[in-house]
Amino acid sequence: MGSTTEGLYKKLQIAVLDQLPNRGDLRRESVENWLEDQESLKKALYNTLREYRGSKTEPKDEKKIAEKIYRFTEIRNGKLWINLAADPFIPEGWSIPDGCHKKGDGWWEFNPDAIKDFLSDEQQKGNSIGGYKLREIMRNQPSFNANLIDGLLERPEFIPKDWKDGKYRFAWGTIYRNAYGSLDVRCLDLDGVQPYWRCFWPGLDFNPSCPAMVALNLIL
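Taken in order, the sequence shown gives residues 45 to 264; the numbers are from my numbering.
Put into C-alpha cells, the structure is as follows:
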C-alpha cells in the first residue's frame with residue numbers, strides 16, 4: 045500500500061470511529077451481540093463500506109435535461125406521476141430475491157400528503173429497532189417500493205422542502221441482495237446539495253431518523 049493510500053486509509057479509520065453512534069443511540073443488547081459475534085460485525089462493516097454508493101441527480105444542464113429519458117415518471121398537467129408497477133431499478137451486480145419486491149398498481153399521482161413516515165413502537169419511543177424485526181413489521185404495512193425513490197430522483201424539483209429534515213426515508217417494498225450476498229434496503233437521502241439514495245443492511249439498527257414511507261388510504 046502506497047504512502048498516500050495508507051494515509052487515506054488511516055483517515056478513513058478515524059472517520060469510522062468518529063461516526064460511530066453515540067452510546068445513547070445503541071441498545072445494550074445490540075452492543076453485547078456485536079461483541080459476542082465479531083465475525084458478523086466485521087462482515088457488516090465490510091459490506092457497508094464496500095457497498096456505499098449513491099445515485100446523484102445530474103447538474104441542471106438544460107441540454108441534458110432535454111435529452112434525459114425518464115423511466116419512472118411522467119408530468120401530466122404539471123403533476124408528477126410515478127409508475128410504481130415498472131420494473132425496479134437494480135444496481136449493477138445486485139438482484140432482488142423472489143418475493144422481495146411489492147409491485148405497485150400502475151401510475152400514481154405523487155402526493156406527499158398521501159405518504160406517512162411510519163415508525164415502529166420502539167422508534168416512536170425514541171429507541172432503535174433491529175432491521176430484521178422492522179422488516180417483519182413492514183410486511184403488514186402499505187410500504188412503497190423503490191420506484192418511489194427513483195421517481196423522485198428523476199424529478200427532484202417535486203421533493204417537498206420539509207423532507208430535508210435529516211431523516212432517511214426508506215422504501216421497504218423493495219429489498220435487494222447486493223453484489224456480496226447481503227440484503228439491503230434503499231432510502232432517500234436529502235442531506236446534500238443533490239438528492240441521492242443510500243442502502244442499509246437490515247442487520248443494523250434503525251433509529252427514529254429512519255422512517256418507512258407508507259401510503260395513507262391506498263393499497264399498494
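By construction, the Cβ of each residue, glycine as well, lies at the ideal position given by its N, Cα and C atoms.
In this structure, Ala259 keeps its C-beta atom at 8 Å or more from the C-beta atom of Met182. Here Val60 is exposed: its Cβ has fewer than 16 other Cβ atoms, across all protein chains shown, within 10 Å.
Scanning Asn184, Leu178, Phe188 and Asn261 for the CA closest to the CA of Trp245 turns up Leu178.
Residue range Ile159 to Phe162 is occupied by the beta strand (DSSP E) that includes Lys160.
Taking the Cα positions, Asp233 is about 10 Å away from Cys254. Note on geometry: alpha-carbon atoms of Asp165 and Phe250 lie some 12 Å from one another. Per DSSP, reduced to three states, the secondary structure at Ile219 is strand. Spatial neighbours of Ala130 in its own chain (CB-CB distance under 8 Å, excluding positions within 5 residues in sequence) are listed in chain order as Arg115, Phe116 and Asn191. Taking C-beta atoms under 8 Å as the contact rule, Ile193 and Trp138 fail to qualify, at a distance of about 14 Å. The secondary-structure analysis by DSSP pairs Ala129 with nothing; it has no beta-bridge partner. No Cβ-Cβ contact shorter than 8 Å links Pro132 with Ile119.
Counting along the chain, Asp165 sits inside the alpha helix (DSSP H) bounded by residues Asp165 to Gln168.
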